[in-house]
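Q: Numbering (the working numbering), first residue to last: 611 to 699.
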Amino acid sequence: MGGLGVVAGLAWLRCVVTVFESRLIADPAFDPHGYGLIFGTVSAVPTSMVTVCALPWAFPQRYRATVGKVVGLLLPTVTSLAFVALFTA
Numbered sequence: 611m612g613g614l615g616v617v618a619g620l621a622w623l624r625c626v627v628t629v630f631e632s633r634l635i636a637d638p639a640f641d642p643h644g645y646g647l648i649f650g651t652v653s654a655v656p657t658s659m660v661t662v663c664a665l666p667w668a669f670p671q672r673y674r675a676t677v678g679k680v681v682g683l684l685l686p687t688v689t690s691l692a693f694v695a696l697f698t699a
């Protein structure tokens, strides 16, 4: 279960990096149609849900609650920033 959380977390991170690269890089040839922005934002939602549910299981019992709280606050916040980047593009 923890391995799934790590893989989903890495996939979520790649989605978010794609969104912010697409939004912040000024070169129009980098992402001319905005597909990275669109599909990165849409893909970030399910990967963040899987990460929030599964990532705490990758840690020992005494750290799971803390990791769950941190990940449960961090991932929805950054994912909502990806939606802000999508709607303000």
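Each residue gets a CB set at the ideal place from its N, CA and C atoms; glycine is no exception.
Predicted, not measured: the structure shown is a model, and the values here were computed from it.
Our contact map puts T628 next to G650 with C-beta atoms below 8 Å; I'd like the distance itself, whole angstroms only.
A: Here residue 628 corresponds to residue number 18 of the sequence shown, with the count starting at 1. Here residue 650 corresponds to residue number 40 of the sequence shown, with the count starting at 1. Their Cβ separation, rounded to whole angstroms, is 4 Å, which keeps T628 and G650 in contact under 8 Å.
Q: Which residue from A639, F697, T661 puts its Cα closest to that of R624?
A: Within the sequence shown, the letter at position 14 stands for residue 624. Among A639, F697, T661, the Cα nearest to that of R624 belongs to T661.
Q: State the DSSP-derived secondary structure class of P686, mapped to helix, strand or coil.
A: Start at 1 with the first residue of the sequence shown, and residue 686 comes out as number 76. P686 falls in the helix class under three-state DSSP.
Q: State yes or no: is the C-beta of P666 within less than 8 Å of the C-beta of G678?
A: As a first step, residue 666 must be located in the sequence shown, where it is residue number 56. As a first step, residue 678 must be located in the sequence shown, where it is residue number 68. Taking 8 Å as the Cβ cut-off, P666 and G678 qualify as a contacting pair.
Q: Note the first and the last residue of the continuous alpha helix (DSSP H) segment covering T698.
A: As a working note, residue 698 is residue 88 in the sequence shown. Per DSSP, T698 belongs to no alpha helix (DSSP H) and is neither H nor E.
Q: How about V688 and V626: do their beta carbons lie closer than 8 Å?
A: Locating residue 688 in the sequence shown gives position 78, counting from the first residue. Locating residue 626 in the sequence shown gives position 16, counting from the first residue. Going by C-beta atoms, V688 is nearer than 8 Å to V626.
Q: Going by beta carbon distance, what residues of the same chain come within less than 7 Å of A618, once the five residues before and after it are set aside?
A: Counting from one through the sequence shown, the residue named residue 618 turns up at place 8. Excluding residues within five positions, the ones whose Cβ falls inside 7 Å are T657, V660, T661, A664.
Q: If you run the structure through DSSP and keep just helix, strand and coil, what is A636?
A: What you label residue 636 is simply residue 26 of the sequence shown in a count that begins at 1. A636: coil per DSSP, three-state reduction.
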